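Student:
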Amino acid sequence: MKPIETLKNELSEIADLKGAVNVLYWDMETYMPKGGTAARAKQVAMLEAIVHERFIGEDVSNPLGELVNLDSGEIINGLDEETSRLVNEIWRDYHRAVALPKEFVEELSHTSSMAHPNWVEAREKNDFNLFAPHLEKLIALKHREIGYLDTQDTPYDTLLDEFEPGFTTANINVLFGELKTALVPMIKKIQESGVNTKQEILHQYYDADKQWEFSEMILKDIGYDFHCGRQDKAVHPFTIEFHPTDVRVTTRINEHNLLDCLTGSIHEGGHALYEQGLDQKWYGTPFCQAISYGIHESQSRLWENLVGLSKPFWEYYFPKLQTAFPENLSAVALEDFYRAVNTIKPGFIRVDADEMTYNLHIMLRFEIEQLIINEGADVASLPELWNDKMEEYLGIRPETDTLGVLQDVHWSHGSFGYFPTYALGNLYNIIMFNKAKEKLPDLDNQIRSGNFLELRNWLKSNIHQLGRRQTAKEMIKSISGEDVTAKPFINYLKKKYSKIYSI
Ligand code: ZN
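Under this note's numbering, read the sequence shown as residues 12 to 514, first letter to last.
1) If you run the structure through DSSP and keep just helix, strand and coil, what is residue 463?
2) Is residue 426 near the ligand ZN, in the sense that its beta carbon is under 8 Å from a heavy atom of that ligand?
3) Within the structure, which residues are defined as neighbours of the ligand ZN by a Cβ-heavy atom distance below 6 Å, reported in chain order?
4) Using the C-alpha atoms, what's the distance from residue 277 back to residue 231?
5) Look at the Cβ atom of residue 170, then the Cβ atom of residue 476, and state whether they are nearer than 9 Å.
6) State the CB to CB distance for the pair residue 261 and residue 248, rounded to an integer number of angstroms; the pair is presumed to be in contact (CB under 8 Å).
7) Mark residue 49 as exposed unless 16 or more other C-beta atoms lie within 10 angstroms of its C-beta, in which case mark it buried.
8) Let me check understanding here. Comparing Cα to Cα, which of 317, 44, 183, 405 lies closest to residue 455?
9) Taking the continuous alpha helix (DSSP H) assigned at residue 290, which residues delimit it?
10) Can the beta-carbon of residue 417 be found closer than 9 Å to that of residue 139?
11) Which residue spans inside the region 95 to 174 form an unbroken alpha helix (DSSP H) run of at least 4?
12) Suppose you measure from the CA of residue 371 to the CA of residue 397; what does that come to, to the nearest Å?
13) Shortest alpha-carbon distance to residue 385 belongs to which of 296, 313, 158?
14) Assuming contact is defined by CB atoms lying nearer than 9 Å, are residue 390 and residue 143 in contact in what I supplied?
15) Determine the direct distance from the alpha carbon of residue 294 to that of residue 23, and round the result to whole angstroms.
16) In terms of alpha-carbon separation, which member of 354, 66, 429 lies closest to residue 20?
17) Residue 515 to residue 110, Cα distance in whole Å?
18) Closest to residue 153 by C-alpha separation, out of 428, 272, 133, would be which residue?
19) Would you say the region 317 to 334 touches the region 106 to 122, given that touching needs at least three Cβ pairs under 8 Å?
20) Taking the alpha carbon of residue 173 as the point to measure from, which residue in 188, 103, 73, 97 has its own alpha carbon closest?
21) Quick one: grab the DSSP three-state call for residue 254.
22) Rounded to a whole number of angstroms, what is the C-alpha to C-alpha distance between residue 45 and residue 128?
23) To the nearest angstrom, report how far apart residue 17 and residue 216 are at their CA atoms.
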């Protein structure tokens, strides 16, 4: 057998193992009883170590070594372009993995599994001290990880590279700088406009079962395949894949906030369409994997915001929503509902934020993470640091840690360097959506009649099916002909919100 075929077979088996580990993670955050935490932490840590060992073992390194120089990453002559690209991406993963000792992988997995329920409890009880010792351990482990891996420009860049390959802190500072310069005055104008978007429409009592049914209907309509997936409830909504034929989504329900469940489902549905749309022919290899966290987020936020908060979308769904909740909505006009769902208002919680202030939530986390990783900021100082940054960026100060430093799950997973990818997703998705609209001039009308097929197919053939054949930067350039900038996103926000707020 050719080395590339041997390699593909081995990677396919490793992907099966990873899929099985993901079933355990999915269960951990949906149905597992609390008492199972310690045992599950051991189970997943052991399995993660096995996955790691197989990936850096001889059954990968021998065939890979026939295709590429394992130390330098230089491709050995004679490979066609497609195979070179594939081998390049496999080597990238291998090179990163081989630098990490098995004991370290096991310890990181175990520590984060143990940290997670403590974060949940700390958040419930509004007591940062319950989480602080776990966070300290995780930060120490991250420093060890940075020590094992190649050093990039800064220690934080080494972590960032895992989530958004090819992006550095310096790149992101430029993009976030553009964004901040445009957003801060825009948000100020909106706050001073005096326009009331009647948000109370969304905060009446909405029956949980009916919300659930509505969210599943939208998921089906946008093309999420329930034959190859299912929706469950979770504290912090997420999507997880076991294989492209089994991609699970989760959402949460708040009977006094209509948007929580709907936007949660549409957002996760966007992630799931990406995973369900990958090319199974390449299962186990980078060509059947998402490009980066930022590109993944571009897919979820494209559906959640660009489609799900648009006028054409609600022209189709609002009458249906009125039928489902006549007591709340029969007397509400579509225009008022559209403005209510597009309210811009600084708030404490990132996941509840509107599409404008959301980006400021990301910027403050990006700054704090750099202080933690590059400057060694003290864990005990984080609640205060968080509140100061929130005041600086959003003009509001949380009164509790639950509304501040404890709100997000990421650090309990040991994920530092992840947050910037959320804002990058916003910058990418409008570039993709603009191109899709250019290619599908009738798209608004299609959305207005609940037809999402052509948009989904465009995303599938231009993004999902390609796997990691391109980097994020290359993909954006191939779609728009330009490098990533914040301008298209800023223009989109200006155009949309100048109408809603008459500014
Ligand atoms: Zn997401």
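All C-beta atoms in this analysis are idealised placements derived from N, C-alpha and C, irrespective of residue type, glycine included.
It should be emphasised that the depicted structure is a prediction, and the values quoted were computed from it without experimental measurement.
Tutor: By the coordinates alone:
1) In the structure shown, the three-state DSSP call for residue 463 is coil.
2) For residue 426, the CB stays at least 8 Å from every heavy atom of the ligand ZN.
3) Taking a cut-off of 6 Å from the heavy atoms of the ligand ZN, the residues with a C-beta inside it are 278, 282, 308, 311.
4) Rounded to whole angstroms, residue 231 to residue 277 spans 10 Å at the Cα level.
5) Contact flag unset, no.
6) Residue 261 to residue 248, Cβ: 5 Å. Contact.
7) That one is exposed.
8) Among 317, 44, 183, 405, the Cα nearest to that of residue 455 belongs to 317.
9) Premise fails: residue 290 is in no alpha helix (DSSP H) and is neither H nor E.
10) Residue 139 sits close to residue 417, with the two beta carbons spaced by under 9 Å.
11) Those alpha helix (DSSP H) runs which fall completely within the region 95 to 174 and span 4+ residues are 113 to 136, 139 to 159, 166 to 174.
12) Spanning the two alpha carbons is a distance of roughly 13 Å.
13) Comparing Cα positions, the closest option is 158.
14) Closer than 9 Å, so yes.
15) Using only the alpha carbons, I get a separation of about 6 Å.
16) For the set 354, 66, 429, the Cα lying nearest the Cα of residue 20 is the one of 66.
17) The requested residue 515 does not occur in the structure, where the chain is confined to residues 12 to 514.
18) Considering only alpha carbons, the answer is 428.
19) They do not touch, by the three-pair rule.
20) A check of alpha carbon separations from residue 173 across 188, 103, 73, 97 identifies 103 as the nearest.
21) Here residue 254 sits in strand by DSSP.
22) Their Cα atoms are separated by approximately 8 Å.
23) Each residue's alpha carbon lies about 58 Å from the other.
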